[in-house]
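Chains as they are written, first to last, in this note's numbering: chain A, 27 to 243; chain B, 5 to 165. Some notes on the structure that comes next.
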Amino acid sequence: MNLTSQGAENTMGMNFDNLNNLHIDVFKEIGNIGAGNAATALAKMLNKRVNMEVPKVKVLQFKEVNEILGEPEMPVVGLLLNVKGDLSGSIMFILQQEAAHILVNILMGNPLEDFSEFDEMGLSALKEIGNILTGSYLSALSTLTGLDIMPSVPEMAIDMAGAIISVPAIEFGKLGDSVLYIETEFSEGTTKVVGDFFLVPDVDSYEILLKALGVIG
Amino acid sequence: MENVIKVGMADLQASSHPAVLTTLGLGSCVGIALYDNSTSIVGLAHAMLPDSKAARNSSNAAKFVDTAIDALLREMLKIGANRSRICAKLAGGAQMFSFSNSNDLMRIGFRNVVAAKEKLSQLRISILSEDTGGNFGRTIELDSSTGILLIKTIGYGIKQI
């Protein structure tokens, strides 16, 4: 298959291994708009000005995957939503634990450096933050594509980065040998918060997504 | 200095003694540790999906439980392992997220463990011990000097199997 061909190629065997530059740009744009929407939602929630860096879109081989967030054993917060509607699949949002603490502390009015274990209230706040961020991300994607996208209630897990990432990685594994992820950096004042989105369309949804965006015929 | 060899996701490694094979942050994937106690040759695979035959793209043997075990066994025999002395230990296969409607995505950890057991039984490799399931991640280390599999978690302690 010609890796640089664009347009009306056969997409039956389409996966993230043979993404061309145009596709990467499209996902970068999805990431940009989605994360931009998420940043706006975050700013409203925190009632603070939130800046966002241009998201980094990366396609990685599995071997590198469990190190993308740093140490694979480092605890992170993962939020997973299933998606139904015109698209099916899942979306995962990962926050490093420190970043999660900072967001919760801003929201709850606690001192920023309070890294004590999350209580019931903190966990609930965290889930809500994840819900709003992924929800606004998906709603941007829905507006952009005209597709109906319905997210489920998020499930949350706090555990080793490698273990959390294994969940979207396995889904990508069904499609090919690489993983697509979008890293977004938010900042509030001098406080930086890095979040990672993994958008995992099902096999057929991937094609629907690219079609809706007019990338493939 | 110990000879520590890292095994990534969808990856496998075999080594002669002395070596410590480790895979960090194992989630729903399954870690298959093989050990030959006559030569102290060790092997570790980190497989993501149960069945290579159900996949569209199966070029990477280490990705699937069935082909990973075959490939790992081959690697170990190549460096002199004694087929009849090889035993297995399993770890991982967790369900990291709990959704009420348990679809494929959620049950993949369990299915990975079942697939590993089936494949090992077909190959007549006995499973000495396992630490599988649950809803937490694991880091595992296989030590060629003892054949012990060390399992580390966040909040669920450390154990040796």
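In this text, a Cβ means the ideal position worked out from N, Cα and C, and glycines have one as well. Bear in mind that the values here come from a model prediction, so they are computed numbers and not experimental data.
DSSP on residue i, reduced to helix/strand/coil?
| i | result |
| --- | --- |
| Ile-155 of chain A | helix |
| Glu-55 of chain A | helix |
| Gly-62 of chain A | helix |
| Asp-40 of chain B | strand |
| Val-226 of chain A | strand |
| Asp-70 of chain B | helix |
| Glu-90 of chain A | helix |
| Gln-126 of chain B | helix |
| Ala-248 of chain A | Only positions 27 to 243 of chain A appear in this structure, which leaves residue 248 of chain A out of reach. |
| His-21 of chain B | coil |
| Leu-107 of chain A | strand |
| Lys-74 of chain A | coil |
Residue i lies in the alpha helix (DSSP H); which residues open and close that run?
| i | result |
| --- | --- |
| Gln-123 of chain A | 123-134 |
Since residue i is in the beta strand (DSSP E), which residue starts that stretch and which ends it?
| i | result |
| --- | --- |
| Ser-204 of chain A | 204-214 |
| Ile-131 of chain B | 131-136 |
| Pro-177 of chain A | 175-177 |
| Glu-181 of chain A | 181-186 |
| Arg-142 of chain B | 142-147 |
| Thr-150 of chain B | Element bounds for Thr-150 of chain B: n/a, residue is neither H nor E. |
| Gly-96 of chain B | 90-96 |
So is residue i buried or exposed if we call it buried at 16+ other beta carbons inside 10 Å?
| i | result |
| --- | --- |
| Phe-141 of chain A | exposed |
| Asn-80 of chain A | The question names Asn, but residue 80 of chain A in the sequence shown is Val. Exposed: under 16 other Cβ atoms inside 10 Å. |
| Asn-64 of chain B | buried |
| Asn-7 of chain B | exposed |
| Ala-34 of chain A | Confidence at Ala-34 of chain A is low in this model, with a pLDDT of 34, below 50, so the placement of that residue is unreliable and no value is reported for it. |
| Asn-28 of chain A | Note that Asn-28 of chain A scores a pLDDT of 38, beneath 50, so its modelled location is shaky; the value from the coordinates is reported in the next line. So Asn-28 of chain A counts as exposed. |
| His-21 of chain B | exposed |
| Gly-115 of chain A | buried |
| Asp-104 of chain A | Reading off the sequence, residue 104 of chain A comes out as Gly, not Asp. Result: buried. |
| Glu-139 of chain A | exposed |
| Ile-162 of chain B | exposed |
What does residue i reach in chain B if we use C-beta pairs closer than 7 Å?
| i | result |
| --- | --- |
| Leu-48 of chain A | None at all; the shortest Cβ gap to chain B is about 22 Å. |
| Ala-195 of chain A | Met-13 and Met-52 |
| Asp-145 of chain A | Ordered by position in chain B, no residue passes the 7 Å Cβ test against Asp-145 of chain A, which lies about 16 Å from the chain. |
| Asp-140 of chain A | Result: empty, since nearest Cβ-Cβ is about 20 Å, beyond 7 Å. |
What in chain B is Cβ-close to residue i, meaning under 9 Å?
| i | result |
| --- | --- |
| Glu-99 of chain A | Leu-28, Gly-29, Gly-141, Thr-143, Lys-156 and Ile-158 |
| Val-91 of chain A | Gly-12, Met-13 and Ala-14 |
So with CB distances below 8 Å, who are the chain B contacts of residue i?
| i | result |
| --- | --- |
| Phe-6 of chain A | Outside the shown range of chain A, which is 27 to 243, sits residue 6 of chain A, and nothing can be said about it. |
Which residues in chain A have a C-beta closer than 8 Å to the C-beta of residue i? List them in chain order.
| i | result |
| --- | --- |
| Ala-98 of chain B | Ala-189 |
What in chain A is Cβ-close to residue i, meaning under 7 Å?
| i | result |
| --- | --- |
| Phe-101 of chain B | Leu-106, Glu-181, Ala-183 and Val-193 |
| Ser-32 of chain B | Ser-192, Val-193 and Ile-196 |
Three or more C-beta pairs under 8 Å: does that hold for the region 217-231 of chain A against the region 74-85 of chain B?
no
Chain-ordered residues of the region 160-188 of chain A with a beta carbon less than 7 Å from chain E:
Absence of chain E from the displayed structure is noted, the protein chains being A and B.
Quick test of the definition: if touching needs 3 or more C-beta pairs under 8 Å, does the region 66-83 of chain A touch the region 118-128 of chain A?
no
With contact counted as at least three CB pairs below 8 Å, one residue from each stretch, are the region 156-168 of chain A and the region 54-74 of chain A in contact?
yes
Three CB pairs or more closer than 8 Å across the region 147-158 of chain B and the region 120-130 of chain B
no
Is there contact here, the region 166-178 of chain A with the region 107-123 of chain A, by at least three beta-carbon pairs under 8 Å?
yes
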